[in-house]
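J.:
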DNA sequence: CTCGATCATAAACAATCGTTTATAATCAGG
DNA sequence: CCTGATTATAAACGATTGTTTATGATCGAG
């Protein structure tokens, strides 16, 4: 009655399927990842996917949510600490983000790739991905940015600053193949990742401060582009 | 002898195939774009692709290089102007980049999407794409950054700054679907694009200046992250 | 007109995809 | 052991893919 181990333990096989499926989805994308390849690498049969996940969609869905729980239990996003400067919080966040996404020190490094694909070629699960992964990250960054600029800055500007922050960081993940071809040596090891994170944090902090300064006393440099080209 | 119009003019059909193929490749990606759909929309036969381009790969290749020539003859990247501040040059470049890529005011708006895909899921043409499109852009930004920081800043740091610049801008293209779901209203029309470009230029200028300042007199804010989490 | 090269079209090919069906193997309970 | 539900496996299905073949239409030149 009490769920004794059957056969070769269904849980283990299911987990193995999820893991190798995550790898295949990350490498080839949802469309081109073949169920036969996944099953072969996981040592399972083709019909096992129908049995456990009913569908390819179902398999993909479970990959997403299992990657989510794996991630938050592996390395949670840093939350505000009482006696912390906003600048320190930002620096801390950049370190977290680069470590989790660019230099994928997590147990499921495929998640970042899957999200990157989903951004450009979304499936029907992009909505869930946004609410599960992306919006919490954005909200945290928005808090930090607001702490840096003060709430008197219009919300739209703070939102744009927030996207600038994420964009600058995410570029090192999304474009890493191009960056390598351009001669950029990928940070190797936690030390180099931390160094890049510090440089990025400096860049971002300066950018935010300059934006609020330019907002306070506008037109230090001519804001309107010259139409001479 | 002198290439009189044959049938329905092969050049026109080839051009129409290229155009609709660019759209399909941009919308569905290289793998999932179907030759049958392309031919149906272009009003051509399936075998015409083998005739004109020998392959699906050949078609994709010609889409890339034709998009390139179309782009540079449509809106060229701004080149350095003698009596121009480096800050002005940067602002000018940001305007160009956002207009060409984010708010795709060009004749072939598909190119940005194709490049975005190629970055994450590269085909064997990524190398050509880098030398044709991406490296020239990077080199121009690197020139501007060097003019801003001075050549005494280590080349590696200038390279990183350069990537920060491109990453912040490119994010508004790569992640635009996610940004919309996060409540970001896409800039609509040249005026709003110019406004976003100005804000981005402010952010970037402040970031670069702060990085050279932090390099000159280090440790204004604690650079090392605190390991308390 | 006739011939040969160029271009167009439809049908078929071989491979792969996700999904399903049919059947065999393995367990718990009676 | 026997039964019935659960799990595993292999084979096949129907659809779609890129590619090819075979044939027919259209032109310029002789």
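Residue numbers (the numbering used here), protein chains in the order written: chain A, 25 to 253; chain B, 25 to 253. All C-beta atoms, glycine included, are put in the ideal place defined by N, C-alpha and C.
1) Using Cβ-Cβ distances below 7 Å, what residues of the segment 73 to 102 of chain B are close to chain A?
2) Is it a yes or a no for the segment 115 to 130 of chain A touching the segment 58 to 75 of chain A, going by three-plus beta-carbon pairs under 8 Å?
3) Hey, residue 189(A) and residue 228(A) are a contact pair by Cβ (cut 8 Å); roughly how many whole angstroms apart?
4) With 8 Å as the C-beta to C-beta threshold (strictly closer), list the residues of the segment 145 to 176 of chain B near chain A in chain order.
5) Do you know offhand how far residue 186(A)'s Cα is from residue 38(A)'s?
6) Answer with buried or exposed for residue 44(A), where buried requires no fewer than 16 other C-beta atoms within 10 angstroms of its C-beta.
7) Got a sec, what are the start and stop residues for the alpha helix (DSSP H) residue 101(A) sits in?
8) For residue 154(A) versus residue 205(B), is the C-beta distance shorter than 8 Å?
9) Under 7 Å between beta-carbons, which chain B residues line up against residue 126(A)? List them in chain order, please.
10) Is residue 240(B) close to chain A, meaning its C-beta is less than 8 Å from at least one C-beta of that chain?
11) So which residues of chain B does residue 235(A) contact, with C-beta pairs closer than 8 Å?
12) Verify the CB distance criterion: does residue 134(B) have a CB-CB separation below 8 Å to chain A?
13) Cα-Cα, which of 170(B), 213(B) and 64(B) is closest to residue 109(B)?
14) Which residue spans inside the segment 70 to 155 of chain A form an unbroken beta strand (DSSP E) run of at least 3?
15) Check distances from the C-beta atoms of the segment 39 to 58 of chain A to those of chain B and list, in chain order, the residues that come in under 7 Å.
16) Chain B beta carbons: is any one of them nearer than 8 Å to that of residue 202(A)?
17) Residue 96(B): buried (16+ other C-beta within 10 angstroms of its C-beta) or exposed?
18) Please name the residue in 194(B), 214(B) and 177(B) whose C-alpha comes closest to that of residue 240(B).
19) What in chain B is Cβ-close to residue 70(A), meaning under 9 Å?
20) For the structure I just gave you, are there three or more beta carbon pairs, one from the segment 134 to 154 of chain A and one from the segment 83 to 93 of chain A, closer than 8 Å?
21) Quick one: is residue 188(A) near chain B, going by C-beta distance under 8 Å?
22) With burial defined as no fewer than 16 other Cβ atoms inside 10 Å of the residue's Cβ, what is the status of residue 143(B): buried or exposed?
23) Given this structure, state the Cα-to-Cα distance separating residue 27(A) from residue 78(A), to the nearest angstrom.
24) Looking only at its chain, what residues have a beta carbon closer than 7 Å to the beta carbon of residue 197(A), apart from the 5 residues adjacent to it on each side?
25) Are the beta-carbon atoms of residue 238(B) and residue 226(A) separated by less than 8 Å?
26) Closer than 7 Å by beta-carbon distance: list the chain B residues that pair up with residue 192(A), in chain order.
27) Over what stretch of residues does the alpha helix (DSSP H) that includes residue 68(A) continue unbroken?
28) Name the residue from 133(A), 164(A), 181(A) and 123(A) whose alpha carbon lies nearest to the alpha carbon of residue 222(A).
29) Does residue 141(B) have its Cβ less than 8 Å from a Cβ in chain A?
30) Helix, strand or coil for residue 215(B), going by three-state DSSP, please let me know.
31) If you draw a straight line from the alpha carbon of residue 50(A) to that of residue 64(A), how long is it in whole angstroms?
32) Since residue 138(B) meets chain A, which of its residues come closer than 9 Å, beta carbon to beta carbon?
33) Return the CA-CA distance between residue 56(B) and residue 235(A), expressed in angstroms with no decimal places.
34) As a quick exercise: from 166(A), 58(A), 84(A) and 158(A), pick the residue whose alpha carbon is nearest that of residue 104(A).
35) Quick one: using the 10 Å Cβ neighbour count with 16 as the cut-off for buried, is residue 47(A) buried or exposed?
T.: According to the structure data:
1) 102
2) No, the segment 115 to 130 of chain A is not in contact with the segment 58 to 75 of chain A.
3) Translated into the one-based positions of the first chain, residue 189(A) becomes position 165. Translated into the one-based positions of the first chain, residue 228(A) becomes position 204. Between residue 228(A) and residue 189(A) the Cβ distance is about 5 Å, and since that is below 8 Å, they are a contact.
4) Along the segment 145 to 176 of chain B, the positions whose C-beta sits under 8 Å from a C-beta of chain A are 145, 146, 150, 151, 154, 158, 159 and 162, read in chain order.
5) By 1-based counting over the first chain, the position of residue 186(A) is 162. By 1-based counting over the first chain, the position of residue 38(A) is 14. So the two alpha carbons sit approximately 39 Å from each other.
6) If you number the first chain from 1, residue 44(A) lands on position 20. Counting Cβ neighbours within 10 Å, residue 44(A) comes out buried, since at least 16 surround it.
7) For the purposes of this step, residue 101(A) is taken as residue 77 along the first chain, with counting starting at 1. From DSSP, residue 101(A) is part of no alpha helix (DSSP H); its letter is neither H nor E.
8) For the purposes of this step, residue 154(A) is taken as residue 130 along the first chain, with counting starting at 1. For the purposes of this step, residue 205(B) is taken as residue 181 along the second chain, with counting starting at 1. Taking 8 Å as the Cβ cut-off, residue 154(A) and residue 205(B) qualify as a contacting pair.
9) By 1-based counting over the first chain, the position of residue 126(A) is 102. Near residue 126(A) there are no residues of chain B at all, since even the closest Cβ is about 11 Å away, more than 7 Å.
10) Taking the second chain and counting its residues from 1, one reaches residue 240(B) at position 216. No, no contact with chain A.
11) On the first chain, residue 235(A) is found 211 positions in, with the first residue counted as 1. Result: 223, 226, 227 and 230.
12) Here the question's residue 134(B) lines up with position 110 in the second chain. Not an interface residue.
13) Position 85 of the second chain, counting from 1, holds the residue named residue 109(B). When each option's Cα is compared against that of residue 109(B), the closest is 170(B).
14) Whole beta strand (DSSP E) segments, 3+ residues: zero.
15) 53, 55 and 56
16) Counting from one through the first chain, the residue named residue 202(A) turns up at place 178. Cβ-Cβ to chain B under 8 Å: yes for residue 202(A).
17) Translated into positions along the second chain, residue 96(B) becomes position 72. Burial call: exposed.
18) Taking the first residue of the second chain as 1, we reach residue 240(B) at position 216. Distance check between residue 240(B) and each of 194(B), 214(B) and 177(B) places 177(B) closest, using alpha-carbon atoms only.
19) To locate residue 70(A), count along the first chain from 1; it is residue 46. Near residue 70(A) there are no residues of chain B at all, since even the closest Cβ is about 21 Å away, more than 9 Å.
20) Yes, the segment 134 to 154 of chain A is in contact with the segment 83 to 93 of chain A.
21) As a working mapping, residue 188(A) is identified with position 164 in the first chain. It does: the Cβ of residue 188(A) has a partner Cβ on chain B nearer than 8 Å.
22) Locating residue 143(B) in the second chain gives position 119, counting from the first residue. By the 10 Å Cβ count, residue 143(B) comes out buried.
23) Reading the first chain from its first residue, position 3 is the one you call residue 27(A). Reading the first chain from its first residue, position 54 is the one you call residue 78(A). Note on residue 27(A): pLDDT 36, under 50, position unreliable in the model; no value is reported.
24) Translated into the one-based positions of the first chain, residue 197(A) becomes position 173. Closer than 7 Å at the Cβ level, and outside the excluded window around residue 197(A), lie 125, 126, 136 and 140.
25) Within the second chain, the letter at position 214 stands for residue 238(B). Within the first chain, the letter at position 202 stands for residue 226(A). A contact, by the Cβ cut-off of 8 Å.
26) Counting from one through the first chain, the residue named residue 192(A) turns up at place 168. Per Cβ cutoff of 7 Å: 188, 191 and 192.
27) Locating residue 68(A) in the first chain gives position 44, counting from the first residue. Neither: residue 68(A) is in no alpha helix (DSSP H) and is coded neither H nor E.
28) The residue labelled residue 222(A) in the question sits at position 198 within the first chain. The shortest Cα separation from residue 222(A) among 133(A), 164(A), 181(A) and 123(A) belongs to 123(A).
29) As a first step, residue 141(B) is located in the second chain; it is residue number 117 there, counting from the start. Chain A has a Cβ within less than 8 Å of the Cβ of residue 141(B).
30) Along the second chain, one-based indexing puts residue 215(B) at 191. In the structure shown, residue 215(B) sits in a helix (DSSP, three-state: H, G or I).
31) As a first step, residue 50(A) must be located in the first chain, where it is residue number 26. As a first step, residue 64(A) must be located in the first chain, where it is residue number 40. Taken atom to atom, the span from the alpha-carbon of residue 50(A) to that of residue 64(A) is near 17 Å.
32) Here residue 138(B) is taken as the residue at index 114 of the second chain, counted from 1. Simply none; closest approach about 10 Å.
33) Residue numbering aside, residue 56(B) sits at position 32 when the second chain is read from its first letter. Residue numbering aside, residue 235(A) sits at position 211 when the first chain is read from its first letter. One C-alpha to the other measures close to 42 Å.
34) For the purposes of this step, residue 104(A) is taken as the residue at position 80 of the first chain. Selected option, being the one with the closest Cα: 166(A).
35) Numbered from its first residue, the first chain carries residue 47(A) at position 23. Residue 47(A) should be labelled buried.
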